[in-house]
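*Asks:*
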Amino acid sequence: MPERLDLKHRVLAEIEAAARPDALIGSSTSGFRATELREGAKHPGRIFVAHPFNPVYLLPLVEIVGQEGADPLALSQIEKLLTEIGMKPIVLRREIDAHIGDRLLEAVWREALWLVKDGIATTGEIDDVIRFGFGLRWAQMGLFETYRIAGGEAGMRHFLAQFGPALKWPWTKLMDVPDLDEGLVEQISSQSDAQSGQYGIRELEQIRDDNLIGFMQVLRDRNWGAGEVLSAMEARFLAKAHGVSGQGWQVQVRPEWTDYNGHMTEYRYAQVFGDATDAFLVRIGMDAAYRAGGRSVYTVESHLRHLGDLSVGARVTVTTMLLGHDAKRIRLLHEMRDGDGKVVATSEHMLLHVDTALGKASLMEAPLPQRLAEMRPDSPPNFAGRGIRDVVSA
153 MPERLDLKHR VLAEIEAAAR PDALIGSSTS GFRATELREG AKHPGRIFVA HPFNPVYLLP
213 LVEIVGQEGA DPLALSQIEK LLTEIGMKPI VLRREIDAHI GDRLLEAVWR EALWLVKDGI
273 ATTGEIDDVI RFGFGLRWAQ MGLFETYRIA GGEAGMRHFL AQFGPALKWP WTKLMDVPDL
333 DEGLVEQISS QSDAQSGQYG IRELEQIRDD NLIGFMQVLR DRNWGAGEVL SAMEARFLAK
393 AHGVSGQGWQ VQVRPEWTDY NGHMTEYRYA QVFGDATDAF LVRIGMDAAY RAGGRSVYTV
453 ESHLRHLGDL SVGARVTVTT MLLGHDAKRI RLLHEMRDGD GKVVATSEHM LLHVDTALGK
513 ASLMEAPLPQ RLAEMRPDSP PNFAGRGIRD VVSA
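Under this note's numbering, think of the first position of the sequence shown as 153, with each following residue one higher.
Written as structure tokens, this is what we have:
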């Protein structure tokens, strides 16, 4: 929808007329405040600004604007809903034009325009300064935490004492905006074409998305920044994604998973089977809260069979069979299939419930025994329980 307040008021009025009085209504506008959107509304306390960042399907941040004059229950609901779908809501303490993110971006954008106009740098050089320099720091640490580190052991106070005087130096033209005349537009456009013209927009979007996924997965493995949000979302979705309508655990082979033969390497098979095991365990109740109580399940024996090859981009489905269980042990067998349904690998596991503080086997606690009792063990296939075959010398 165009950034026209009259049009937004008309659409919001139509939504209010059709929606329940307690329905939440959000706008992704970056140009208007919540108080402006609420003008003339029948139930203004349920109207918010929920401003995300592109690509919305990957970047978790959503700026929530409208705390002043909002229905407290509605505000709590919108935070809960956004968190449940894997977003990171940030509620602004007060309204301000362009919210937070766009104001920061605008400051950098204005400075970059001057650097191009004054012939200090090209568009490509400016992007390289960000891509190869502080952009990598900002993505994981933000602005203030980055500068806190720059202050050394003495922290932020030392940094401010050291670099505070720079605020009076002519290091920015922040409020002195260059005229975006035809000459500057042509200069920026031609440089941008030279910088990235070999790629189509869809190609650039795909490169961007693949890189973002990689960044976030690295951060997830360290439970840091945006990765912490991704980790929490995956934990919530894990049980739902596993075994729903018999679909099993589904993944796609990534480029970094392959070896010099172009095939998925051995330890990635173990990783995928391990993820399928984790999904099964979450499904029976061994979630983060259960593990926080000093209880977990360890793998004590595995047997992996390779029956085919997988290449980059292959879509893989892992189905899990419960072969048996007792008070301390769970026996699972996974089958990995490619996109054509062909079994390319199997993995059998014996799992042992442990007291993590003592490092010893222990009895399973609720709800694990109850959930397992509700599941009917599968009939073992004829290869289950086999070890590695002997090699007899001639």
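Glycine included, each C-beta is placed from N, C-alpha and C at the ideal position.
Between Gly178 and Leu475, what straight-line distance do the alpha-carbon atoms span, to the nearest angstrom?
*Replies:* Walking along the sequence shown from the start, residue 178 turns up at place 26. Walking along the sequence shown from the start, residue 475 turns up at place 323. One C-alpha to the other measures close to 48 Å.
*Asks:* His501 and Ser454 - do their beta-carbons sit closer together than 8 Å?
*Replies:* The residue labelled residue 454 in the question sits at position 302 within the sequence shown. The residue labelled residue 501 in the question sits at position 349 within the sequence shown. Yes, the Cβ-Cβ distance between Ser454 and His501 is below 8 Å.
*Asks:* Please tell me whether Met239 and Val217 are closer than 8 Å, where the distance is taken between their beta carbons.
*Replies:* In the sequence shown, the residue the question calls residue 239 occupies position 87. In the sequence shown, the residue the question calls residue 217 occupies position 65. Going by C-beta atoms, Met239 is not nearer than 8 Å to Val217.
*Asks:* When the distance is taken between beta carbons, is Asp530 closer than 8 Å to Met488?
*Replies:* As a first step, residue 488 is located in the sequence shown; it is residue number 336 there, counting from the start. As a first step, residue 530 is located in the sequence shown; it is residue number 378 there, counting from the start. No, these two residues do not count as a Cβ contact at 8 Å.
*Asks:* Does the Cβ of Val468 have 16 or more other Cβ atoms within 10 Å, making it buried, or fewer, making it exposed?
*Replies:* Position 316 of the sequence shown, counted from the start, is the residue given in the question as residue 468. Answer is buried; the Cβ neighbour count reaches 16.
*Asks:* In the DSSP assignment, find the unbroken alpha helix (DSSP H) run with Ile230 in it and report its ends.
*Replies:* Reading the sequence shown from its first residue, position 78 is the one you call residue 230. It spans 224-236 - the alpha helix (DSSP H) in which Ile230 sits, taken as one unbroken run.
*Asks:* Could you check which residue in Pro407, Ala171, Arg483, His458 has the C-alpha nearest to that of Ile540?
*Replies:* As a working mapping, residue 540 is identified with position 388 in the sequence shown. Checking every option, the nearest Cα to that of Ile540 belongs to His458.
*Asks:* Residues in its own chain within less than 6 Å of Gly491 by CB, not counting five upstream and five downstream?
*Replies:* Mapped onto the sequence shown, residue 491 falls at position 339. So the qualifying residues of the chain are Arg467.
*Asks:* Is it true that the region 328-342 meets the region 312-320, where meeting means three or more beta-carbon pairs spaced less than 8 Å apart?
*Replies:* Touching, no.
*Asks:* Keeping to the same chain, check which residues put their C-beta closer than 8 Å to that of Gly253; ignore five residues upstream and five downstream.
*Replies:* For the purposes of this step, residue 253 is identified with residue 101 of the sequence shown, where counting begins at 1. For Gly253, where only same-chain residues beyond five positions count, the Cβ hits under 8 Å are His203, Phe205, Leu213, Glu215.
*Asks:* Does any heavy atom of the ligand HEM sit closer than 7 Å to the C-beta of Met239?
*Replies:* Although the ligand HEM was asked about, the structure shown includes no ligands whatsoever.
*Asks:* Under 8 Å Cβ to Cβ from Val381, same chain only, skipping five residues before and after it: list those, please.
*Replies:* For the purposes of this step, residue 381 is taken as residue 229 along the sequence shown, with counting starting at 1. Only Pro212, Gly238, Met239, Lys240 meet the Cβ criterion.
*Asks:* May I ask which residues mark the beginning and end of the alpha helix (DSSP H) holding Gln423?
*Replies:* If you number the sequence shown from 1, residue 423 lands on position 271. Per DSSP, Gln423 belongs to the alpha helix (DSSP H) from 418-435.
*Asks:* Report all residues from its chain with a CB closer than 6 Å to the CB of Ile242; omit the five preceding and five following residues, and keep chain order.
*Replies:* The count along the sequence shown starts at 1 and reaches residue 242 at position 90. Same-chain partners within the cutoff: Glu215.
*Asks:* Between the Cα of Ala171 and the Cα atoms of Arg360, Ser182, Ala193, which residue gives the shortest distance?
*Replies:* What you label residue 171 is simply residue 19 of the sequence shown in a count that begins at 1. Ala171 has its Cα closest to that of Ala193, out of Arg360, Ser182, Ala193.
*Asks:* How is Ala479 classed by DSSP in three states: helix, strand or coil?
*Replies:* Position 327 of the sequence shown, counted from the first residue, corresponds to residue 479. When secondary structure is reduced to three states using DSSP, Ala479 falls in the coil class, being assigned neither helix nor strand.
*Asks:* Between which two residues does the alpha helix (DSSP H) harbouring Phe296 extend?
*Replies:* By one-based count along the sequence shown, residue 296 stands at place 144. That run of the alpha helix (DSSP H) goes 296-302.
*Asks:* Taking the continuous beta strand (DSSP E) assigned at Pro241, which residues delimit it?
*Replies:* For the purposes of this step, residue 241 is taken as the residue at position 89 of the sequence shown. First-last of the beta strand (DSSP E) with Pro241: 240-243.
*Asks:* Leaving aside the five residues before and after Asp427 along the sequence, list all residues of the same chain whose C-beta is less than 7 Å from its C-beta, in chain order.
*Replies:* The residue given as residue 427 occupies position 275 in the sequence shown. So the list reads Trp401, once near-sequence residues are dropped.
*Asks:* How far does the beta strand (DSSP E) with Val543 in it reach, from first residue to last?
*Replies:* Indexing the sequence shown from 1 puts residue 543 at position 391. First-last for Val543: undefined, no H or E at that position.
*Asks:* If you run the structure through DSSP and keep just helix, strand and coil, what is Asn534?
*Replies:* As a working mapping, residue 534 is identified with position 382 in the sequence shown. Coil at Asn534, not helix or strand.
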